[in-house]
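**Q** Numbering (my numbering), first residue to last: 26 to 218.
(1) Counting only the same chain and skipping the five closest in sequence on each side, list residues whose C-beta sits under 7 Å from that of residue 110.
(2) Taking the alpha-carbon of residue 136 as reference, which of 92, 194, 104, 159 has the nearest alpha-carbon?
(3) Taking the alpha carbon of residue 98 as the reference point, which residue from 197, 165, 191 has its own alpha carbon closest?
(4) Got a sec? Which residues, its chain only, sit under 8 Å from residue 185 by beta carbon, not counting five neighbours each side?
(5) Are the CB atoms of residue 161 and residue 182 within a distance shorter than 8 Å?
(6) Put residue 170 into one of helix, strand or coil per three-state DSSP.
(7) From residue 78 to residue 163, what distance separates their C-alpha atoms?
(8) Candidates 100, 73, 139: which alpha carbon is nearest residue 62's?
(9) Report the option in 170, 74, 83 whose CA atom is closest to the CA atom of residue 103.
(10) Excluding the five sequence neighbours on either side, which residues of its own chain have a C-beta within less than 8 Å of the C-beta of residue 101, listed in chain order?
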């Protein structure tokens with residue numbers, strides 16, 4: 026998988042104007058934050074395109090299902106196709122860590138890095154969704170249990186929607202970065218389990 030952070034930072038080094046501007050006091054930190062935002066935007070765009078591709082495949086399977094099974098699953102399939110399109114649009118147009126000069130919430134670099142890591146995990150989930158789409162397609166083509174395959178696909182899609190809902194929590198720091206434990210309470214003791 027492409028590391029969009031690395032790509033954004035490498036592109037920065039190629040620009041003579043950017044090297045010159047990096048000598049301006051305070052500009053370097055600001056610019057690095059912008060690069061992190063750009064990397065997150067590129068990753069989300071890649072993820073949205075991946076979901077759009079799966080939606081198109083699902084639409085093809087929907088047509089095939091209509092020919093072989095009739096209208097039995099069309100309502101449910103339409104709902105799944107719409108949810109997949111909605112998810113792609115949400116990712117494509119999601120807030121990507123912008124915080125202007127006068128915003129009340131400032132976005133730290135570590136929060137942007139955590140958001141990028143979270144979005145990378147979302148890509149892994151989208152790849153798992155792709156397998157569910159393939160499974161549904163196989164069920165349609167082999168006239169197998171399309172209801173079970175569609176239920177598994179819907180469950181994966183709902184889980185992915187819920188993870189996208191949590192992006193804002195990652196951005197604000199309410200959800201720790203992947204691989205880190207949540208912050209301990211003020212007393213320094215670990216929470217009881």
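Yeah, the Cβ is synthetic: ideal placement off N, Cα and C, and Gly gets one too.
**A** In terms of the structure at hand:
(1) Correct list, in chain order: 80.
(2) Selected option, being the one with the closest Cα: 194.
(3) It is 165.
(4) If we look at residue 185 and ignore the five residues flanking it on each side, its Cβ neighbours are 112, 147, 150, 151, 154.
(5) The beta carbons of residue 182 and residue 161 sit no closer together than 8 Å.
(6) If DSSP states are grouped into helix, strand and coil, residue 170 belongs with coil.
(7) The C-alpha of residue 78 lies about 17 Å from the C-alpha of residue 163.
(8) Taking only the C-alpha atoms, the option nearest residue 62 is 139.
(9) Scanning 170, 74, 83 for the CA closest to the CA of residue 103 turns up 83.
(10) Within the same chain, 175, 179 come within 8 Å of residue 101 by CB-CB distance, once the 5 residues on both sides are set aside.
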